[in-house]
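2 protein chains.
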Amino acid sequence: MQKESGATSDGGADAFAADLLRGHTDTIVLGVLRREDRYGFEIYKAIRDATGGDYEIKEATLYAAYRRLVKDGLVEAYWGDESQGGRRKYYRITDAGRAVYRRNVDAWVATRRTIDSLLDLKGS
Amino acid sequence: MQKESGATSDGGADAFAADLLRGHTDTIVLGVLRREDRYGFEIYKAIRDATGGDYEIKEATLYAAYRRLVKDGLVEAYWGDESQGGRRKYYRITDAGRAVYRRNVDAWVATRRTIDSLLDLKGS
DNA sequence: GTGCAGTAGTTGATCAGATACAGTACTTGC
DNA sequence: GCAAGTACTGTATCTGATCAACTACTGCAC
Chain W
27 MQKESGATSD GGADAFAADL LRGHTDTIVL GVLRREDRYG FEIYKAIRDA TGGDYEIKEA
87 TLYAAYRRLV KDGLVEAYWG DESQGGRRKY YRITDAGRAV YRRNVDAWVA TRRTIDSLLD
147 LKGS
Chain S
27 MQKESGATSD GGADAFAADL LRGHTDTIVL GVLRREDRYG FEIYKAIRDA TGGDYEIKEA
87 TLYAAYRRLV KDGLVEAYWG DESQGGRRKY YRITDAGRAV YRRNVDAWVA TRRTIDSLLD
147 LKGS
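Same order as they appear, the protein sequences are chains W and S. So the number in this note's numbering is just where the residue sits in the first sequence, counting from 1, plus 26. So the number in this note's numbering is just where the residue sits in the second sequence, counting from 1, plus 26.
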């Protein structure tokens, strides 16, 4: 964060730092997959669109997250129908993934409360 | 994050990952200093106590943050009265620091909203 | 029919923040 | 005297995010 905090300088309208979501990427991906299987690029677009486009998790970041999630057994990957040409790798959340997701949501709620209290923010 | 996500394994009661606050440390420190000057260890204790003790930002993390904030001109450091023995380095927030703090709080609110919507959390 | 934009996936190098670990130095209580 | 707590600092390492590049296919405009 604070890449732009040259304090007196800096060009004002900084599209808010993506670093602020750091650590939550895995949970966000699990959250998207919780409803239905999706392929990588689709998840990328879903996240980008869900935030009105002013925010995106970079592709490289997401593909790294997929690798991590597969390695940890939280999601499973399988290739989609390639007859149409463009290959698509789909991801499916596992039971272990759902369990971790629930725990991470709880952790997020706790984190949110912690930061809010440290910044003296009560409601929105 | 997810250091403990051995999925099927892992010992359950993981005190929530400090990594989740990653990127917010500077803002939290500025938030503490916004009211009055404090010395390093005092800020550490304030954060630790404010979260009921189940969470802490490690000393090394905070001292690294202080260095960063001073370097960026967001806080100023000065040595306290050493006649009493124990040396204490106090930190004072600058005008630039207050400006960055306000911007970062806005960024945090936006981030919070973004994650909430991605995780389908409406209220608390 | 070539080039370009968009879709889709992937990798290697690098950066920065958080942490572990280790250390210095002083104070207080036993 | 010595252990525990206060207070500050530096170095090394880990990890997640990002950049920059790459492969490969599709569809469209020129």
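Quick reminder that beta carbons are idealized off the backbone N, C-alpha and C, glycines included.
query: Roughly how many angstroms lie between the CA atoms of residue 90/S and residue 104/W, to the nearest whole one?
result: In the second sequence, counting from the first residue as 1, residue 90/S sits at position 64. In the first sequence, counting from the first residue as 1, residue 104/W sits at position 78. Straight through space, the alpha carbons of residue 104/W and residue 90/S are spaced by roughly 43 Å.
- prompt: Roughly how many angstroms lie between the CA atoms of residue 115/W and residue 57/W, to the nearest whole one?
  reply: Position 89 of the first sequence holds residue 115/W. Position 31 of the first sequence holds residue 57/W. One alpha carbon belongs to residue 115/W, the other to residue 57/W, and they sit about 18 Å apart.
message: Counting only Cβ pairs nearer than 7 Å, list the residues of chain S close to residue 73/W.
response: Here the question's residue 73/W lines up with position 47 in the first sequence. Within 7 Å of the CB of residue 73/W, the CB atoms of chain S belong to 144, in sequence order along the chain.
- prompt: For a contact meaning CB atoms closer than 7 Å, what does residue 81/W contact in chain S?
  reply: Residue mapping note: residue 81/W aligns to position 55 of the first sequence, counting from 1. Under the 7 Å cutoff, chain S gives 140.
message: Taking the beta carbon of residue 49/W as the centre, do at least 16 other beta carbons fall within 10 Å, making it buried, or is it exposed?
response: On the first sequence, position 23 is the one that residue 49/W refers to. Buried.
task: Could you pull out every residue in the same chain whose Cβ sits closer than 8 Å to the Cβ of residue 70/W, ignoring the five residues on either side in sequence?
output: Here residue 70/W refers to the residue found at position 44 of the first sequence. Excluding residues within five positions, the ones whose Cβ falls inside 8 Å are 82, 83, 85, 88.
- request: In the DSSP assignment, find the alpha helix (DSSP H) that holds residue 71/S and state where it starts and stops.
  value: Within the second sequence, the letter at position 45 stands for residue 71/S. Looking at the DSSP string, the run of the alpha helix (DSSP H) that includes residue 71/S is 66–76.
query: Per DSSP, what kind of secondary structure is residue 119/S in: helix, strand or coil?
result: As a working note, residue 119/S is residue 93 in the second sequence. DSSP places residue 119/S in strand when its eight states are reduced to three.
- request: Have a look at 67/S, 95/S, 78/S, 64/S and flag the residue whose alpha-carbon is nearest the alpha-carbon of residue 126/S.
  value: Against the second sequence, residue 126/S aligns to sequence position 100. When each option's Cα is compared against that of residue 126/S, the closest is 95/S.
field: residue 102/S - DSSP class collapsed to helix/strand/coil
entry: The residue given as residue 102/S occupies position 76 in the second sequence. In the structure shown, residue 102/S falls within a strand segment according to DSSP collapsed to helix, strand and coil.
- request: Give a yes or no on whether the minimum CB-CB distance between residue 47/S and chain W is below 8 Å.
  value: Residue 47/S sits at position 21 when you count from the first residue of the second sequence. Taking Cβ atoms only, chain W reaches closer than 8 Å to residue 47/S, which makes this a yes.
- prompt: residue 64/W and residue 117/W look like a contact to me (Cβ under 8 Å); what is the Cβ gap, rounded to whole Å?
  reply: Within the first sequence, residue 64/W is the residue found at index 38, counting from 1. Within the first sequence, residue 117/W is the residue found at index 91, counting from 1. Contact between residue 64/W and residue 117/W is confirmed by a C-beta separation of about 6 Å, below the 8 Å threshold.
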